[in-house]
Amino acid sequence: MMAYLLFACSITLGLVFGISAASKSGRSAFRDFATSAGPLEVLPRAVRRPAARAVVVSELALTVLLLISAAAVVNAALVPVAVIAHAGAAAVLLAFTVAIVLTLRRGGRQPCRCFGAKATPLGPAHIVRNVLLLVVAFGGLATLSGSHSIEPAGAALAGVAGLVAGLLVTRFDDLTDLFRTPEISARGH
5 MMAYLLFACS ITLGLVFGIS AASKSGRSAF RDFATSAGPL EVLPRAVRRP AARAVVVSEL
65 ALTVLLLISA AAVVNAALVP VAVIAHAGAA AVLLAFTVAI VLTLRRGGRQ PCRCFGAKAT
125 PLGPAHIVRN VLLLVVAFGG LATLSGSHSI EPAGAALAGV AGLVAGLLVT RFDDLTDLFR
185 TPEISARGH
């Protein structure tokens, strides 16, 4: 059972970091991310662009490591990669969460553009999203105990669960928008 959980956690996080990095690729998308402030607002302006580059590079590296770590379920030699991948993901997510909390405490509500052009202002939902992802990262770490035997059907189910979870996380802003109370204009429309 632990092997399937590790596989699903690795796929979920790999997809989340991969989509996040891909959404910032390209000159225009990167500029939008780097200048949108969001959680980077806690940093001095002079270091925001280099920090934005570091975020993208970290996300790309974590994507590769997390996808490799999915193979740790059948290859004990990859357990150290899985430890680095899940611990790295937890560290990055923790840094993002702290930055969001600090930004919100200062009254900042700028969009993060974590997953592209969506301009949803930072809010408590972003903290919830990151805490859920931290649970996934620590869940992956908790399962690491060497190689296991897995059944193809179970691996397929765990992989699909990881993909669905990852897609839901990357569409989190859209999902939370579904449950927001619509604003009523001052004219009563």
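All the letters of the sequence shown, read from the start, carry residue numbers 5 to 193 under the numbering used here.
Backbone N, C-alpha and C fix where the C-beta goes; we use that ideal spot for every residue, glycine too.
Among the options, whose alpha-carbon lies nearest the alpha-carbon of residue i?
i	options	result
R35	T107, N134, C116 and R133	C116
L9	A65, A169 and D181	A169
P28	F142, C118, A99 and A80	Here residue 28 turns out to be Lys, not Pro, going by the sequence shown. Cα-wise, what sits closest to K28 is C118.
G163	M6, F11, M5 and A7	F11
S62	A91, A81 and V78	A91
V96	T16, V85, I72 and L66	L66
A25	A76, A33 and L64	L64
V77	T147, L161, F142 and D181	T147
A129	G22, R175, P156 and V87	R175
Mark residue i as exposed unless 16 or more other C-beta atoms lie within 10 angstroms of its C-beta, in which case mark it buried.
i	result
F183	exposed
G30	exposed
R110	exposed
A93	buried
V60	buried
G127	exposed
L69	buried
Since residue i contacts residue j with CB under 8 Å, what's their CB separation in whole angstroms?
i	j	result
V20	V173	5 Å
L37	A56	Looking at the sequence provided, one finds Phe at residue 37 rather than Leu. Contact flag correct, Cβ pair sits at about 6 Å.
C13	G144	3 Å
Considering just the uninterrupted stretch of the alpha helix (DSSP H) at residue i, what are its terminal residues?
i	result
G92	V83 to R109
C13	M6 to S27
N134	P128 to A146
S153	First-last for S153: undefined, no H or E at that position.
P54	R49 to S73
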